[in-house]
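Take a look at the structure below.
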Amino acid sequence: MQELIERIRREGKNLGNGILKVDGFVNHQVDPRLMDACGRELARRFAHVGATKVLTAEISGIAPAVTTALHLGIPVVYARKTKPITMPDQIFLTLAPSHTKGRMVELIVSPEYLGIGERILIIDDFLATGATILGLARLAQAAGATIVGIGTLIEKTFEGGRAVLAHLGVPIESLAVITSMDNGKIVFEGE
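Right under this line is the structure:
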């Protein structure tokens, strides 16, 4: 999606070690117009999969997940990283490594909002190693739901996440695909 790619070119920062800082418009300060455009495009690409819910991880996945779900007309469930007292004792929980936090994080979903028969579209901000998305897939599978697609704003192909997720056998769509971040540069697919 050209609008997102151009925004990354203008404002994205390559911090080294595969870390792309997009805090000014995706995951600290959010540009709602850009997120709406991204959500509309992801909804268009996944309109055919028959999703009944969008699943994401807090916090950075929430903005693109909400706008995608809005355009699909379905609810969003987000995996929490800490269990609030309002959540029931029986939960779905998995662990996933966080690249930016440098440690394992819990992903927790209440069975009230994820269950048997649901058709789950996973939406997140990044597809890098695939670890967080794989964790979300484990939660959906534990609930008896079916994963019908995976969509991300930004994919870093050099981290191999798409191959890690291939066994799920679902369509994977990314709006901006980065093939290299070597030597302080950001290189997009096709360049």
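In our numbering, the protein residues as written are 3 to 193.
The beta-carbon is built from N, C-alpha and C at its ideal position, and this holds for glycine as well.
Asked, Found
"Stretch-stretch touch, CB-based, cutoff 8 Å, three pairs: the stretch 64–79 with the stretch 88–106", "no"
"Own chain partners of G26 with C-beta closer than 6 Å, once the 5 adjacent residues on each side are dropped", "E13"
"Distance between E193 and G117 (C-alpha atoms, nearest Å)", "42 Å"
"Buried versus exposed, by CB contacts within 10 Å (16 or more), M183", "buried"
"DSSP bridge partner residues for D126 (one or two, in chain order)", "T154"
"I61 classed as buried or exposed, judged by whether at least 16 other C-beta atoms fall within 10 angstroms", "exposed"
"Close Cβ partners of R42 (< 6 Å) along its chain, the five nearest in sequence each way excluded", "H73"
"T134 versus R35, H50, I152, V78, residue with shortest Cα-Cα distance", "I152"
"Rounded straight-line distance, which links the Cα of M3 to that of N185", "24 Å"
"7 Å Cβ cutoff met for R164 and G52", "no"
"Proximity below 7 Å, CB of L170 to CB of I149", "yes"
"T96 - partner residues in DSSP beta bridges", "L109"
"Beta-carbon contacts of L44 that lie in its chain and below 6 Å, excluding the five residues immediately before and after", "T70, G153"
"Contacting residues, own chain, Cβ-Cβ under 8 Å from A81 (five flanking each side not counted)", "L57, T58, A59, E60, L109, I110, V111, G137, L138, L141"
"For T233, the three-state DSSP class (helix, strand or coil)", "Outside the shown range of the chain, which is 3 to 193, sits residue 233, and nothing can be said about it."
"G18 (DSSP reduced to helix, strand or coil)", "strand"
"Boundaries (first-last residue) of the beta strand (DSSP E) holding A178", "174–182"
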